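Numbering follows my numbering, with no gaps: position 55 of the sequence shown is 55. By construction, the Cβ of each residue, glycine as well, lies at the ideal position given by its N, Cα and C atoms. Computed from a prediction, not measured in an experiment: that's the story for all the values here.
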Amino acid sequence: MQASPDCDGKPRIPGKDRAHSLNIPQQRKRPMNHPPNPLSVRKPEHPIETLFLKRWSPRAMSGEPLPRADLMRLFEAARWAPSTYNEQEWRFLYAHRATPAWASFFNLLMEANQSWCERASVLVVVLSHKVFTRNGKPNPVHTFDTGAAFENLALQGAAMDLVVHGMAGFDFNKAREALKVPDDYAVEAMIAVGLPGDPAALPGDLREREYPSDRKPLSELVFEGAFGG
Ligand SMILES: Cc1cc2nc3c(=O)[nH]c(=O)nc-3n(C[C@H](O)[C@H](O)[C@H](O)COP(=O)(O)O)c2cc1C
Numbered sequence: 001m002q003a004s005p006d007c008d009g010k011p012r013i014p015g016k017d018r019a020h021s022l023n024i025p026q027q028r029k030r031p032m033n034h035p036p037n038p039l040s041v042r043k044p045e046h047p048i049e050t051l052f053l054k055r056w057s058p059r060a061m062s063g064e065p066l067p068r069a070d071l072m073r074l075f076e077a078a079r080w081a082p083s084t085y086n087e088q089e090w091r092f093l094y095a096h097r098a099t100p101a102w103a104s105f106f107n108l109l110m111e112a113n114q115s116w117c118e119r120a121s122v123l124v125v126v127l128s129h130k131v132f133t134r135n136g137k138p139n140p141v142h143t144f145d146t147g148a149a150f151e152n153l154a155l156q157g158a159a160m161d162l163v164v165h166g167m168a169g170f171d172f173n174k175a176r177e178a179l180k181v182p183d184d185y186a187v188e189a190m191i192a193v194g195l196p197g198d199p200a201a202l203p204g205d206l207r208e209r210e211y212p213s214d215r216k217p218l219s220e221l222v223f224e225g226a227f228g229g
């Protein structure tokens, strides 16, 4: 099992499906605590489009359904990402909550991710085609290109005021098996998509972490010439 460095959760408990034990209507009776606004927290070193700062990875979601047309707008944004030879290596498998497919996606997640994903509207598994379509040879940038597609999707979600949260904290091998992923496709990541929810409904430690993160200074990331400058 592969785990994200930022996912400290234990592997999921087989057969445990917390999504079905939720009482979402009761949740929504309480007044909503608003999540922090990333635009008032994040300060870029250089002027950029505000959408880049607005995109962040909240965990608080309402559990309300996401209309299919809105979901397709996210995939449409992903579709226009650049890729080597226009390969478009990305593939997306998804399940809406309260559908038969939901449990097989939700049960892939590590427990730490299940604790907040139980209020997601949609779970997505991201795949990438590992070989070139035209000759079957290994494509060295299938992951790079698919990451670009994810970011397109995430930015579109931010523009629509949705929660889009990437995840590596799930069982990659089980995803391959459960979702019948062909051998020439890599399992890359999962994504939780939802409508924003009340941060107060998150488990304690996650409630404290529900805050837009900062970034390393550009001077640590960018070098003119050789590595390190
Ligand atoms: C590929 C990928 C995997 C991630 N895995 C997890 C995860 O398993 N659990 C989680 O809570 N957050 C996960 N995150 C969210 C990151 O922690 C988050 O993107 C990072 O801290 C930067 O914060 P921001 O997205 O709010 O700007 C993941 C993000 C990406 C892109």
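> Would DSSP call P47 helix, strand or coil?
Replying inline: coil
> Any heavy atom of ligand 1 closer than 8 Å to the Cβ of S104?
Replying inline: no
> Three or more beta-carbon pairs under 8 Å between the segment 120–132 and the segment 196–203, yes or no?
Replying inline: no
>> Using only CA atoms, which one of W56, A60, K54 and A77 lies nearest to G204?
In response: For the residues W56, A60, K54 and A77, the minimum Cα distance to G204 belongs to A60.
>> Measuring alpha carbon to alpha carbon, tell me which residue in R207, G169, A178 and L218 is nearest P47.
In response: L218
>> Any heavy atom of ligand 1 closer than 8 Å to the beta-carbon of R59?
In response: yes
>> Does A98 pass the burial test, meaning 16 or more other C-beta atoms within 10 Å, or should it be called exposed?
In response: Classification for A98: exposed.
>> Extract the residue ranges of the beta strand (DSSP E) inside the segment 83–135, only unbroken runs of 3 or more that lie entirely within it.
In response: 90–96 and 122–129
>> Following a CB-centred definition, is H142 positioned closer than 8 Å to any heavy atom of ligand 1?
In response: At a threshold of 8 Å, H142 does not count as near ligand 1, since its beta carbon sits no closer than that to any of the ligand's heavy atoms.
>> Tell me whether the segment 144–163 and the segment 98–108 touch, counting them as touching only if at least three CB pairs, one residue from each stretch, are closer than 8 Å.
In response: A contact is defined here as three or more CB-CB pairs under 8 Å, and the segment 144–163 fails this definition with respect to the segment 98–108.
> How about N113: is its Cβ closer than 8 Å to a heavy atom in ligand 1?
Replying inline: Because some heavy atom of ligand 1 lies under 8 Å away, the Cβ of N113 counts as near it: yes.
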